[in-house]
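Residue numbers (our numbering): 379 to 683.
From the three backbone atoms N, C-alpha and C, an ideal C-beta is built for every residue, glycine too.
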Ligand SMILES: [Ca+2]
């Protein structure tokens, strides 16, 4: 392989792999204009690699949007002729059939214009031979052979011809939202409206707060895939399940009473201390007075247990 042919090979290879594409937003869907030549079936496969397909043009609004993006300065000398220059769109007519379809098998109107389905055939098109499968392309030229104002008009051609092609990507198909979320189209982006119990940009996170895990008036919020509880004053713990008495601070049978952020122990007889942790020793003294008399004193003496 000489240097020149190697360069040509590299360039043609680059042309196939890195074909020019222009992406524009259409109501949250993406239109992709590929300036690389493929057969109708090859073009469909190329679109499908990115979860889209050849564009289906069901109304004049979409047609009017597409038309300005068609390249009117394509050099037709490299093509079979001016009518062959064009962009595949998603319509075809099976061999030996008179019915035109879009690739999703919905009906594409033939001439004369259907009162229902939109079409944009040019002049005498479609005029392909009935025995051969024919496919639909849009011409980029404003005029050919005396037909004027035809840019964007539809022509039929044999499906194995090599043409540019237009893909349309429905950014909500397949539905990118999980767990039954609804996909809402924006400009080049989508948003998911999640069903109750799910959150996240794709509704792929279970909302653990729906089970109300936070006790004692705590507020639940999701951080990433996990919940956290914001506890009201006086409560702690993962689920705000702990208050000041939860650790059973009162010993020796003492009763804990919770107060905001602290507690008080009511001790059983014989115990004392903040946590009833001190035993009380009661000692009796007889004191002798003159004249002798008895006096009974209770002397409480604390002693650490
Ligand atoms: Ca034709």
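Of the choices the options, whose alpha-carbon is the least far from that of residue i?
{"i": "residue 431", "options": "412, 442, 449 and 439", "result": "412"}
{"i": "residue 472", "options": "450, 657, 409 and 508", "result": "508"}
{"i": "residue 755", "options": "545, 533, 505 and 641", "result": "Past the edges of the chain, shown from 379 to 683, lies residue 755, and the structure says nothing about it."}
{"i": "residue 440", "options": "530, 590 and 428", "result": "530"}
{"i": "residue 523", "options": "470, 511 and 462", "result": "462"}
{"i": "residue 580", "options": "444, 558, 424 and 594", "result": "558"}
Exposed or buried, which one is residue i when buried takes at least 16 other CB atoms within 10 Å?
{"i": "residue 621", "result": "buried"}
{"i": "residue 503", "result": "buried"}
{"i": "residue 647", "result": "exposed"}
{"i": "residue 635", "result": "exposed"}
{"i": "residue 632", "result": "buried"}
{"i": "residue 435", "result": "buried"}
At the level of alpha carbons, what is the spacing between residue i and residue j?
{"i": "residue 396", "j": "residue 582", "result": "In this prediction, residue 396 scores a pLDDT of 47, lower than 50, which makes its location untrustworthy; the coordinate-derived value is nonetheless stated afterwards. The alpha-carbon atoms of residue 396 and residue 582 are separated by roughly 34 Å."}
{"i": "residue 398", "j": "residue 596", "result": "57 Å"}
{"i": "residue 534", "j": "residue 506", "result": "6 Å"}
{"i": "residue 550", "j": "residue 460", "result": "37 Å"}
{"i": "residue 566", "j": "residue 407", "result": "7 Å"}
{"i": "residue 536", "j": "residue 501", "result": "18 Å"}
{"i": "residue 591", "j": "residue 575", "result": "14 Å"}
{"i": "residue 645", "j": "residue 657", "result": "10 Å"}
{"i": "residue 599", "j": "residue 465", "result": "52 Å"}
{"i": "residue 630", "j": "residue 651", "result": "11 Å"}
Kindly indicate the opening and closing residues of the beta strand (DSSP E) around residue i.
{"i": "residue 500", "result": "Element bounds for residue 500: n/a, residue is neither H nor E."}
{"i": "residue 599", "result": "597–601"}
{"i": "residue 586", "result": "First-last for residue 586: undefined, no H or E at that position."}
{"i": "residue 580", "result": "That residue, residue 580, is in no beta strand (DSSP E); it is neither H nor E in DSSP."}
{"i": "residue 538", "result": "Premise fails: residue 538 is in no beta strand (DSSP E) and is neither H nor E."}
{"i": "residue 571", "result": "568–571"}
{"i": "residue 563", "result": "560–563"}
Is the beta carbon of residue i within less than 7 Å of some heavy atom of ligand 2?
{"i": "residue 518", "result": "This structure does not include ligand 2; its bound ligands are ligand 1."}
(message) Just to confirm the assignment: which complete beta strand (DSSP E) runs, minimum length 3, are found wholly within the stretch 405–455?
(response) For the stretch 405–455, the continuous beta strand (DSSP E) assignments of 3+ residues that do not extend past its boundaries occur at 407–416, in sequence order.
(message) Threshold first: 3 residues or longer. Then list the beta strand (DSSP E) segments lying entirely within the stretch 604–673, N to C.
(response) Those beta strand (DSSP E) runs which fall completely within the stretch 604–673 and span 3+ residues are 604–608, 633–637, 640–644 and 656–664.
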